[in-house]
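Enquirer: One structure, pasted below without further comment.
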Amino acid sequence: MFYGLNKFIKQLLPKQLFYRGLLIVAIPIIILQVTISVVFFDSLWIKTNVGMTRALVGEIKTFLDSYNVANANKNFVENTFEEHSEIDVTFFRDEQFSEIMREKWYSPIDRSLRRELKSKNLIYWFDTSKFKKKVILKIKNEFGYFEFIIPRERLTSTSVRIFALWITLPAILIVAIAIIFLKNQTRPIKKLAEASKKFGRGERIDEFVPSGASEIRQAGYEFEKMRKRILRHLNQRSEMLSGISHDLRTPLTRMKLQLALIKDKTLINRFSSDIDEMEKMLNEYLQFSSESNKEQNEIFEFNKFLKNIIEKFNNEMIKFNSGDELYFNGRRLSLQRSLNNLIENSLKFSNKIEITFQKLKGSILINIEDDGPGIPIEERENVFKPFYKIDKSRSEKSASVGLGLSIASDIIRSHGGRIELSESKFGGLKVVISLPF
Ligand SMILES: Nc1ncnc2c1ncn2[C@@H]1O[C@H](COP(=O)(O)OP(=O)(O)OP(=O)(O)O)[C@@H](O)[C@H]1O
Ligand SMILES: [Mg+2]
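Counting in the numbering used here, the sequence shown runs from 15 upward without gaps.
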């Protein structure tokens with residue numbers, strides 16, 4: 015049960031750090047505000063109002079009683095009352111209240127006034143909302159009625175509106191300041207996440223400059239260190255391999271020249287085909303490493319890109335199912351090389367090829383399916399190894415090196431993507447490539 019509740023709360027909570035931070039600031043402020051308002055409204059404001067109303071009604075009642083005494087000096091009583099109470103009194107002889115009283119049920123002033131007047135057994139009529147600063151009160155008398163015009167401040171203390179304004183304005187100010195601070199605090203985290211995402215996808219990023227609070231700065235600093243180490247490692251590896259490949263070409267050329275000195279024709283043929291193969295391997299690798307090092311990211315439309323690649327093969331066996339328009343940021347030539355390798359493989363082994371492009375949420379999916387012999391499960395991992403060929407007889411048709419799949423997967427992975435092999439619906443090989451965008 016608690017697990018369910020937990021999950022529910024988690025779903026309700028905002029996902030972004032900025033909004034979570036904002037909630038942490040805003041919720042206590044709102045709770046504080048509501049508490050202060052309730053306490054103020056109930057214990058201070060309403061209680062004070064009730065006390066003031068009671069005093070006022072008492073005063074009026076005293077006036078009425080003095081006025082009604084049989085031999086009282088009515089003028090004197092009225093004048094004295096008016097003079098000391100700031101209330102205007104008018105007596106309407108032989109008249110009745112003509113208007114209907116409209117009491118506002120939600121107004122605490124009306125409520126306490128009614129309660130006090132009732133407790134003194136008076137027959138009354140009042141209007142608290144007609145004038146802004148005055149309240150009109152009429153009370154029935156034996157011979158007519160009195161009309162009292164009472165200053166509003168005799169009934170209620172400070173205005174609630176001013177209080178509400180005073181309490182909400184600082185709260186809004188605090189939240190506004192919090193928003194500015196939080197934005198500044200979350201920006202460096204966003205920047206770091208963005209840089210990691212780009213680096214993971216193999217995009218080239220400029221030097222990352224850490225900023226923000228010390229923990230975030232530390233994370234950024236460590237990221238930059240890691241990024242440099244990985245780059246150095248990658249460069250070292252490809253530099254070493256291309257160095258070896260390059261250096262091997264000289265002895266190979268020398269061997270070729272020395273072949274001329276051998277008399278045995280069959281031996282010459284065998285040697286020269288081996289030397290050719292070695293040369294091809296080296297050239298292939300050198301070409302790949304020099305291309306992939308230099309290329310910069312660019313933005314291109316993926317359907318068009320795939321269509322172009324396929325058109326270049328000019329082969330009716332290849333069928334293409336295009337997908338939604340998508341602009342991709344990547345190394346175009348490298349990707350082209352990777353797809354070329356895969357299509358070439360399929361062309362080598364099969365008569366029917368289907369390429370499907372799909373745009374998913376956050377990634378793209380490319381399927382290449384053929385009706386060839388496929389690759390047995392136990393070999394699917396091995397074929398990605400450099401210079402690995404399943405068996406000689408298969409690749410005999412055309413000279414092959416065994417680098418195609420390893421280069422293709424290298425390029426896909428360096429874009430942060432994945433490449434997987436499985437069985438196609440035509441019985442051959444299915445290559446599934448997913449690339450994040
Ligand atoms: N579509 C396919 N159907 C069946 N087998 C395949 C297919 N693609 C690759 N293979 C097998 O996987 C092996 C490795 O492929 P890879 O592309 O790496 O090398 P290659 O094609 O032999 O040489 P290269 O591409 O360097 O000229 C191939 O030797 C082949 O046996
Ligand atoms: Mg190949």
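C-beta: ideal position from N, C-alpha, C; glycine also.
1. Do you know how far the Cα of Asn311 is from the Cα of Glu293?
2. Counting C-beta neighbours from all protein chains within 10 Å, is the total for Ile41 16 or more, i.e. buried, or is it exposed?
3. Note down the Cα distance separating Ile137 from Leu179, rounded to an integer number of angstroms.
4. Return the chain-ordered list of same chain residues with a C-beta closer than 6 Å to the C-beta of Arg231, the five sequence neighbours on each side being excluded.
5. Enumerate in chain order the residues of its own chain whose CB-to-CB distance from Arg107 is below 6 Å, with the five nearest sequence positions on each side excluded.
6. Does the separation of the CB atoms of Ala209 and Phe237 fall below 9 Å?
7. If you check the beta carbons only, do Tyr341 and Phe316 fall under 9 Å apart?
8. Considering only C-alpha positions, which residue in the set Ile188, Leu37, Thr142, Val83 is nearest to Glu155?
9. Does Asn89 pass the burial test, meaning 16 or more other C-beta atoms within 10 Å, or should it be called exposed?
10. Pick out the complete alpha helix (DSSP H) segments inside the segment 158 to 243, 4 residues or longer, and give them in chain order.
11. From which residue to which residue does the alpha helix (DSSP H) around Arg129 run?
12. With 16 as the cutoff for other CB atoms within 10 Å, does His429 come out buried or exposed?
13. What does DSSP give as the partner residues of Phe111 in its beta bridges?
14. With three or more beta-carbon pairs closer than 8 Å as the criterion, would you say the segment 315 to 334 touches the segment 285 to 305?
15. Compute every distance between the C-beta of Lys439 and the non-hydrogen atoms of ligand 1, then say whether any falls below 8 Å.
16. Under 8 Å by Cβ, that's how I've got Ser171 and Thr62 pegged, so tell me the actual separation to the nearest angstrom.
17. Would you please state the rounded distance, in angstroms, between the beta carbons of Ser126 and Val64? I believe it to be under 8 Å.
18. Give a single yes or no on whether Asn355 has its beta carbon closer than 8 Å to a heavy atom of ligand 2.
19. Just reading off the beta strand (DSSP E) that Gly344 is part of, what are its end residues?
20. Please list the terminal residues of the continuous alpha helix (DSSP H) segment that includes Thr456.
21. Pull up the distance between the alpha-carbon of Glu161 and that of Asp102, whole angstroms please.
22. Considering only the alpha carbon of each residue, which of Glu434, Asn365, Asp405 lies closest to Ile380?
23. In terms of alpha-carbon separation, which member of Ile313, Gly418, Lys308, Asn335 lies closest to Lys321?
24. For Gly344 and Glu217, what's the separation of their Cα atoms in angstroms?
25. Report back the beta-carbon spacing between Ser364 and Asp385 to the nearest angstrom; my notes put them in contact at under 8 Å.
26. Mapping the DSSP letters down to three states, classify Phe106 as helix, strand or coil.
27. Excluding the five sequence neighbours on either side, which residues of its own chain have a C-beta within less than 7 Å of the C-beta of Pro450, listed in chain order?
28. Give me, in chain order, the residues of the same chain whose beta-carbon lies closer than 8 Å to that of Asp124; leave out the 5 immediate sequence neighbours on both sides.
29. Using CA coordinates, which residue listed in Ile404, Glu395, Leu27, Val39 is at the minimum distance from Leu187?
30. If you compare alpha carbons, which of Ser228, Thr94, Arg129, Thr264 is closest to Gln199?
31. Look up Arg246 in the DSSP assignment and say whether it is helix, strand or coil.
32. Taking the straight line between their C-alpha atoms, what separation do you get for Ile425 and Gly337?
33. Would you mind sorting Leu27 into buried or exposed? The rule is 16 or more other CB atoms within 10 Å of its CB.
Expert: Looking at the atomic coordinates:
1. Position 279 of the sequence shown holds residue 293. Position 297 of the sequence shown holds residue 311. So the two alpha carbons sit approximately 30 Å from each other.
2. For the purposes of this step, residue 41 is taken as residue 27 along the sequence shown, with counting starting at 1. That one is exposed.
3. Taking the first residue of the sequence shown as 1, we reach residue 137 at position 123. Taking the first residue of the sequence shown as 1, we reach residue 179 at position 165. Answer to the nearest angstrom: the Cα atoms are 38 Å apart.
4. What you label residue 231 is simply residue 217 of the sequence shown in a count that begins at 1. Excluding positions up to five away in sequence, the list reads Pro224.
5. In the sequence shown, counting from the first residue as 1, residue 107 sits at position 93. So the qualifying residues of the chain are Phe157, Gly158.
6. To locate residue 209, count along the sequence shown from 1; it is residue 195. To locate residue 237, count along the sequence shown from 1; it is residue 223. Taking 9 Å as the Cβ cut-off, Ala209 and Phe237 qualify as a contacting pair.
7. Position 327 of the sequence shown, counted from the start, is the residue given in the question as residue 341. Position 302 of the sequence shown, counted from the start, is the residue given in the question as residue 316. Yes; because the gap between Cβ atoms is below 9 Å, this pair is in contact.
8. Translated into the one-based positions of the sequence shown, residue 155 becomes position 141. Note that residue 155 is Asn in the sequence shown here, rather than Glu. Ranking Ile188, Leu37, Thr142, Val83 by Cα distance to Asn155 puts Val83 first.
9. For the purposes of this step, residue 89 is taken as the residue at position 75 of the sequence shown. That one is exposed.
10. 174 to 214
11. By one-based count along the sequence shown, residue 129 stands at place 115. Counting along the chain, the alpha helix (DSSP H) containing Arg129 begins and ends at 122 to 133.
12. As a working mapping, residue 429 is identified with position 415 in the sequence shown. Per the 10 Å Cβ criterion, buried.
13. Taking the first residue of the sequence shown as position 1, residue 111 is located at position 97. Looking at the DSSP assignment, Phe111 forms no beta bridge with any residue, so it has no partner.
14. no
15. By 1-based counting over the sequence shown, the position of residue 439 is 425. No.
16. In the sequence shown, the residue the question calls residue 171 occupies position 157. In the sequence shown, the residue the question calls residue 62 occupies position 48. About 5 Å separates the two Cβ atoms, so the contact holds.
17. Along the sequence shown, one-based indexing puts residue 126 at 112. Along the sequence shown, one-based indexing puts residue 64 at 50. Rounded, the Cβ-Cβ distance is 5 Å, consistent with contact.
18. Within the sequence shown, residue 355 is the residue found at index 341, counting from 1. Answer for Asn355: yes, Cβ within range of ligand 2.
19. Stepping through the sequence shown from its first residue, residue 344 is reached at position 330. Segment 341 to 344, the beta strand (DSSP E) holding Gly344.
20. Residue numbering for the chain in the displayed model covers 15 to 451; residue 456 lies beyond these limits and cannot be assessed.
21. Counting from one through the sequence shown, the residue named residue 161 turns up at place 147. Counting from one through the sequence shown, the residue named residue 102 turns up at place 88. Each residue's Cα considered, the two are about 8 Å apart.
22. For this step, residue 380 is matched to residue 366 along the sequence shown. The candidate whose alpha carbon is nearest that of Ile380 is Glu434.
23. On the sequence shown, position 307 is the one that residue 321 refers to. Nearest option by C-alpha distance: Asn335.
24. In the sequence shown, the residue the question calls residue 344 occupies position 330. In the sequence shown, the residue the question calls residue 217 occupies position 203. Using only the alpha carbons, I get a separation of about 7 Å.
25. On the sequence shown, residue 364 is found 350 positions in, with the first residue counted as 1. On the sequence shown, residue 385 is found 371 positions in, with the first residue counted as 1. With a Cβ gap of about 5 Å, Ser364 and Asp385 count as contacting.
26. If you number the sequence shown from 1, residue 106 lands on position 92. Reduced to three states, the DSSP call for Phe106 is strand.
27. Position 436 of the sequence shown, counting from 1, holds the residue named residue 450. Only Arg215, Gly376, Ser377, Gly430, Gly431 meet the Cβ criterion.
28. Here residue 124 is taken as the residue at index 110 of the sequence shown, counted from 1. These residues qualify, in order along the chain: Glu117, Lys118, Phe140, Thr142.
29. For the purposes of this step, residue 187 is taken as residue 173 along the sequence shown, with counting starting at 1. Nearest option by C-alpha distance: Val39.
30. Counted from its first residue, the sequence shown places residue 199 at position 185. The residue with the shortest Cα to Cα distance from Gln199 is Ser228.
31. What you label residue 246 is simply residue 232 of the sequence shown in a count that begins at 1. Arg246: helix per DSSP, three-state reduction.
32. In the sequence shown, counting from the first residue as 1, residue 425 sits at position 411. In the sequence shown, counting from the first residue as 1, residue 337 sits at position 323. Distance between the alpha carbons of Ile425 and Gly337: 22 Å.
33. Along the sequence shown, read from residue 1 onward, the residue named residue 27 stands at position 13. Exposed, because fewer than 16 other Cβ atoms sit within 10 Å of the Cβ of Leu27.
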